[in-house]
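Visitor: Submitted below is the structure of interest, expressed as structure tokens.
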Amino acid sequence: MQSHARGHLVYAAGGVLAVRTERGTSIVPADRVAWTPAGCTHQHRAHGDTDMRIVFLPPSLARRVPGQPAVFLASGLAREVLLALTRPGQDGDAGPDHSRSARLRLLRVLVDELREAPEQPLHLPEPRDDRLRAIARILYETPADNATLAELGKAVGAGTRTLSRLFRSELGMTFHEWRTQLRIHHALVLLADGHDATRTAYACGWANPSGFIAAFTDVMGTTPGRYRTGHRAPGHAS
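Structure (structure tokens):
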């Protein structure tokens with residue numbers, strides 16, 4: 428875990444990144460951009476053949492993006508700016524190929540693009556209640572577990588009504604929504620590691636591939652097959 432004096436953007440040019448903070452974990456598949464504010468303790472983890480690019484924002488521009496961690500869809504222009512700012516020979520902060528003013532102009536364009544981009548529903552909030560944390564541990568370790576909330580409640584010593592209320596009040600979503608989000612996170616990691624849609628579906632707890640494809644497409648806007656073939660990393664990891 429680490430933190431920085433300036434907020435930063437992390438771009439997955441290829442592969443899948445996971446960004447963990449005290450608020451939860453955000454999954455960052457290819458062509459998404461994760462924002463982590465200044466001073467926010469975080470951890471990056473790469474899955475698959477990942478090409479990770481990092482850009483720090485000056486405070487004047489950081490004020491224009493959210494005050495909490497977020498994931499955005501990268502537009503074509505945002506991708507090109509990110510790649511230009513982080514191409515080989517650049518250090519992610521100030522490189523020899525850009526004057527300071529030219530680099531600042533690129534950063535302004537990037538922030539403008541992100542302000543127009545929709546936030547992605549790829550954040551999995553971290554529970555605080557001990558009972559929810561116990562359920563989270565079970566499902567993190569075995570995402571294919573299809574136990575009902577009532578069955579999980581028996582394992583952690585809480586009733587269904589109490590747990591349902593806690594999921595809504597603490598995490599802002601239902602148990603079903605939270606578990607689906609967790610499974611999508613796990614699916615993105617498996618796809619990055621080269622697994623096909625059928626194997627991924629069963630490993631993540633879907634009864635059949637069609638159910639997985641529908642859920643994945645609803646969140647990601649594309650099918651697992653198209654995502655897997657269209658988001659391969661370049662021939663190196665960084």
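The C-terminal position of the sequence shown is numbered 665 in the numbering used here, with every residue numbered one higher than the one before it. The beta carbon of each residue, even a glycine, is placed where N, CA and C say it ideally should be.
Give the straight-line distance between the Cα atoms of R655 and D556, rounded to the nearest whole angstrom.
Guide: On the sequence shown, position 228 is the one that residue 655 refers to. On the sequence shown, position 129 is the one that residue 556 refers to. Taking the straight line joining both Cα atoms gives about 36 Å.
Visitor: Tell me the rounded alpha-carbon separation between I565 and M479.
Guide: Position 138 of the sequence shown, counted from the first residue, corresponds to residue 565. Position 52 of the sequence shown, counted from the first residue, corresponds to residue 479. Cα to Cα, I565 sits roughly 30 Å from M479.
Visitor: In the structure shown, what three-state DSSP assignment does A521 receive?
Guide: By one-based count along the sequence shown, residue 521 stands at place 94. Note on A521: pLDDT 48, under 50, position unreliable in the model; no value is reported.
Visitor: I need the boundaries of the alpha helix (DSSP H) containing S526, first residue and last residue.
Guide: Position 99 of the sequence shown, counted from the start, is the residue given in the question as residue 526. No alpha helix (DSSP H) contains S526, which DSSP labels as neither H nor E.
Visitor: Taking the DSSP output, what are the residues bridged to Q608?
Guide: The count along the sequence shown starts at 1 and reaches residue 608 at position 181. Answer is none; Q608 lacks a bridge partner.
Visitor: Find the nearest neighbour of D543 within the set P651, R535 and R472, judged by alpha-carbon distance.
Guide: For the purposes of this step, residue 543 is taken as the residue at position 116 of the sequence shown. Note that residue 543 is Glu in the sequence shown here, rather than Asp. The residue with the shortest Cα to Cα distance from E543 is R535.
Visitor: V538 by DSSP, collapsed to three states: which one?
Guide: The residue labelled residue 538 in the question sits at position 111 within the sequence shown. Three-state result, V538: helix.
Visitor: Which whole-angstrom value is the C-beta distance of Q449 and E546, which I expect to be below 8 Å?
Guide: As a working note, residue 449 is residue 22 in the sequence shown. As a working note, residue 546 is residue 119 in the sequence shown. Sequence check: residue 449 is Glu here, not Gln. Contact flag wrong, Cβ pair sits at about 19 Å.
Visitor: Going by DSSP, name the residue or residues bridged to E546.
Guide: As a working mapping, residue 546 is identified with position 119 in the sequence shown. Paired residues: F499.
Visitor: Quick one, are the C-beta atoms of L533 and A501 less than 8 Å apart?
Guide: Residue numbering aside, residue 533 sits at position 106 when the sequence shown is read from its first letter. Residue numbering aside, residue 501 sits at position 74 when the sequence shown is read from its first letter. No, Cβ-Cβ distance for L533 and A501 is not below 8 Å.
Visitor: Tell me where the beta strand (DSSP E) around T650 begins and ends.
Guide: Residue mapping note: residue 650 aligns to position 223 of the sequence shown, counting from 1. Run containing T650: none; DSSP gives neither H nor E here.
Visitor: Can you give the Cα-Cα distance for S453 and S526, rounded to whole angstroms?
Guide: The residue labelled residue 453 in the question sits at position 26 within the sequence shown. The residue labelled residue 526 in the question sits at position 99 within the sequence shown. Taking the straight line from one Cα to the other gives about 33 Å.
Visitor: Using a 10 Å radius around the Cβ and a threshold of 16 neighbouring Cβ atoms, would you call A634 buried or exposed?
Guide: Position 207 of the sequence shown, counted from the first residue, corresponds to residue 634. Flag for A634 reads exposed.
Visitor: Out of L576, G434 and A624, state which residue places its alpha-carbon closest to the alpha-carbon of L559.
Guide: Indexing the sequence shown from 1 puts residue 559 at position 132. Answer by Cα proximity: L576.
Visitor: I think G475 touches V443, with their Cβ atoms under 8 Å apart; what is that distance to the nearest whole Å?
Guide: Against the sequence shown, residue 475 aligns to sequence position 48. Against the sequence shown, residue 443 aligns to sequence position 16. Right, their Cβ atoms sit about 6 Å apart.
Visitor: What three-state label does DSSP hand V492 in the structure shown?
Guide: Stepping through the sequence shown from its first residue, residue 492 is reached at position 65. Coil, per DSSP.
Visitor: Whose C-beta lies closer than 8 Å to the C-beta of A489 among residues of the same chain, with five residues either side of it excluded?
Guide: On the sequence shown, residue 489 is found 62 positions in, with the first residue counted as 1. These residues qualify, in order along the chain: R433, G434, P464 and A465.
Visitor: Could you check whether L509 and V492 sit closer than 8 Å to each other, using their CB atoms as the reference points?
Guide: By one-based count along the sequence shown, residue 492 stands at place 65. By one-based count along the sequence shown, residue 509 stands at place 82. Not closer than 8 Å, so no.
Visitor: For R659, which residues from the same chain have a beta carbon less than 6 Å from its beta carbon, with the 5 sequence-adjacent residues on both sides left out?
Guide: Taking the first residue of the sequence shown as 1, we reach residue 659 at position 232. Residue placement at R659 cannot be trusted, given a pLDDT of 48 that sits under 50; what the coordinates show is reported in the next sentence. Counting only Cβ-Cβ distances below 6 Å, and skipping sequence neighbours, we find nothing.
Visitor: Taking only the alpha-carbon atoms, compute the straight-line gap between T607 and R530 and give it to the nearest angstrom.
Guide: As a working mapping, residue 607 is identified with position 180 in the sequence shown. As a working mapping, residue 530 is identified with position 103 in the sequence shown. If you take the alpha carbons of T607 and R530, they lie about 40 Å apart.
Visitor: Going straight from the alpha carbon of L601 to that of S591, what length do you get?
Guide: Here residue 601 corresponds to residue number 174 of the sequence shown, with the count starting at 1. Here residue 591 corresponds to residue number 164 of the sequence shown, with the count starting at 1. Rather than Leu, the amino acid found at residue 601 in this sequence is Thr. C-alpha separation (whole angstroms): 7 Å.
Visitor: Would you mind giving the Cβ-Cβ distance between V498 and L549, rounded to the nearest angstrom? I have them listed as a contact below 8 Å.
Guide: Taking the sequence shown and counting its residues from 1, the one referred to as residue 498 is at position 71. Taking the sequence shown and counting its residues from 1, the one referred to as residue 549 is at position 122. About 5 Å; that satisfies the 8 Å criterion.
Visitor: Is R555 helix, strand or coil by DSSP?
Guide: Taking the first residue of the sequence shown as 1, we reach residue 555 at position 128. Note: R555 maps to coil in three-state DSSP.
Visitor: On the CB-based measure, 16 or more other CB atoms within 10 Å of its CB, does D524 come out buried or exposed?
Guide: Translated into the one-based positions of the sequence shown, residue 524 becomes position 97. With a pLDDT of 48 at D524, under the threshold of 50, the modelled position of that residue is not reliable, and no figure is offered here.
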